[in-house]
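J.: As they're listed, the protein sequences go chains L and B. Residue 95 in this note's numbering sits at position 70 of the first sequence; the count goes up by one each step and never skips. Residue 265 in this note's numbering sits at position 46 of the second sequence; the count goes up by one each step and never skips. Yeah, the Cβ is synthetic: ideal placement off N, Cα and C, and Gly gets one too. Have a look at this one.
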Amino acid sequence: KAGVTQTPRYLIKTRGQQVTLSCSPISGHRSVSWYQQTPGQGLQFLFEYFSETQRNKGNFPGRFSGRQFSNSRSEMNVSTLELGDSALYLCASSLRPGPGTDTQYFGPGTRLTVL
Amino acid sequence: AQTVTQSQPEMSVQEAETVTLSCTYDTSESDYYLFWYKQPPSRQMILVIRQEAYKQQNATENRFSVNFQKAAKSFSLKISDSQLGDAAMYFCAYNRGGATNKLIFGTGTLLAVQP
Numbered sequence: 026k027a028g029v030t031q032t033p034r035y036l037i038k039t040r041g042q043q044v045t046l047s048c049s050p051i052s053g054h055r056s057v058s059w060y061q062q063t064p065g066q067g068l069q070f071l072f073e074y075f076s077e078t079q080r081n082k083g084n085f086p087g088r089f090s091g092r093q094f095s096n097s098r099s100e101m102n103v104s105t106l107e108l109g110d111s112a113l114y115l116c117a118s119s120l121r122p123g124p125g126t127d128t129q130y131f132g133p134g135t136r137l138t139v140l
Numbered sequence: 220a221q222t223v224t225q226s227q228p229e230m231s232v233q234e235a236e237t238v239t240l241s242c243t244y245d246t247s248e249s250d251y252y253l254f255w256y257k258q259p260p261s262r263q264m265i266l267v268i269r270q271e272a273y274k275q276q277n278a279t280e281n282r283f284s285v286n287f288q289k290a291a292k293s294f295s296l297k298i299s300d301s302q303l304g305d306a307a308m309y310f311c312a313y314n315r316g317g318a319t320n321k322l323i324f325g326t327g328t329l330l331a332v333q334p
């Protein structure tokens, strides 16, 4: 079974631009979560989606948004990029929300560099 | 708010020896989940072990085991018979349970394995 895939793997943008990152969960998984990883702030939760609905949102400005499609693929968008948005963005998927029975599997991440 | 603390930024162990990584957390919940994730240089986050707070028995996965002290809010990871492939960043993570996959991560411990 294919794992979680994230595209693109690497991205370079300039300040003020916007960017869209994509995450395809493992087949059959309907829950997708996003995390930002930076050297200064560590791993921080961005959003969580299940069945096209955002169920949880982390403490990030409104420039960060996301959505999930009917095939469970998810995208996150960052508008008006700032230098501090440079980070590794990780996506994780599971069958459904809640760690009671399911394991979350992480993708390889998208490395975003903002110049 | 829940927090996760890893007080050891770096650790080193000789191959075949045993090492223990520390993690403490703070929560007012009684039922929750704790995890150890491994992030090798490839950046792919891999689940090492999980512990349900309602289970008194410490989780074990092959060479990996935890010492879960609920009253002390402590969750350490023991790696036995360390191998070169164990070298990675290790993150302790907390999930409050219920219908959410949101993880709160510690700052990580970089483990080096010396041949």
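Can you name the residues of chain B whose CB is closer than 8 Å to the CB of Q93 of chain L?
T.: In chain order: nothing, as chain B lies at least about 13 Å away.
J.: In chain L, what lies closer than 7 Å to Q263 of chain B by C-beta?
T.: F131 and P133
J.: Within 9 Å of any Cβ in chain L, is that where the Cβ of T246 of chain B sits?
T.: no
J.: Residues in the segment 54-74 of chain L with C-beta within 7 Å of chain B's C-beta atoms, listed in sequence order?
T.: S56, S58, G67, L68, F70 and E73
J.: Would you mind working out which of B:A307, B:V285, B:S299 and B:E234 sits nearest C242 of chain B, comparing C-alpha positions?
T.: B:V285
J.: Enumerate in chain order the residues of its own chain whose CB-to-CB distance from Q227 of chain B is below 7 Å, with the five nearest sequence positions on each side excluded.
T.: L240, S241 and T328
J.: Let me make sure I understand the geometry here. Which of B:T237, B:W255, B:A290 and B:D250 has the alpha-carbon closest to that of Y273 of chain B?
T.: B:D250
J.: For chain B, find out if any of its Cβ atoms is closer than 9 Å to the Cβ of T138 of chain L; answer yes or no.
T.: no
J.: Please determine, among L:T135, L:V139, L:T39 and L:R121, the residue with the shortest C-alpha to C-alpha distance to S52 of chain L.
T.: L:R121
J.: In terms of alpha-carbon separation, which member of L:S119, L:Q129 and L:L113 lies closest to V139 of chain L?
T.: L:L113
J.: Please report the distance separating the alpha-carbon of T280 of chain B from that of G316 of chain B.
T.: Before going further, note that residue 280 of chain B is Glu rather than Thr in the sequence given. Near 21 Å, if we compare the C-alpha coordinates of G316 of chain B and E280 of chain B.
J.: Per DSSP, what are the beta-bridge partners of D245 of chain B in this structure?
T.: DSSP, once it has assigned bridges, lists B:T222 as partnering D245 of chain B.
J.: State the CB to CB distance for the pair E73 of chain L and N84 of chain L, rounded to an integer number of angstroms; the pair is presumed to be in contact (CB under 8 Å).
T.: With a Cβ gap of about 13 Å, E73 of chain L and N84 of chain L do not count as contacting.
J.: Between L:S118, L:G132, L:P124 and L:Y130, which has its C-alpha nearest L55 of chain L's C-alpha?
T.: Looking at the sequence shown, residue 55 of chain L is not Leu but Arg. Closest option to R55 of chain L, Cα to Cα, is L:S118.
J.: Three-state secondary structure (DSSP) at G304 of chain B?
T.: Correct three-state label for G304 of chain B: helix.
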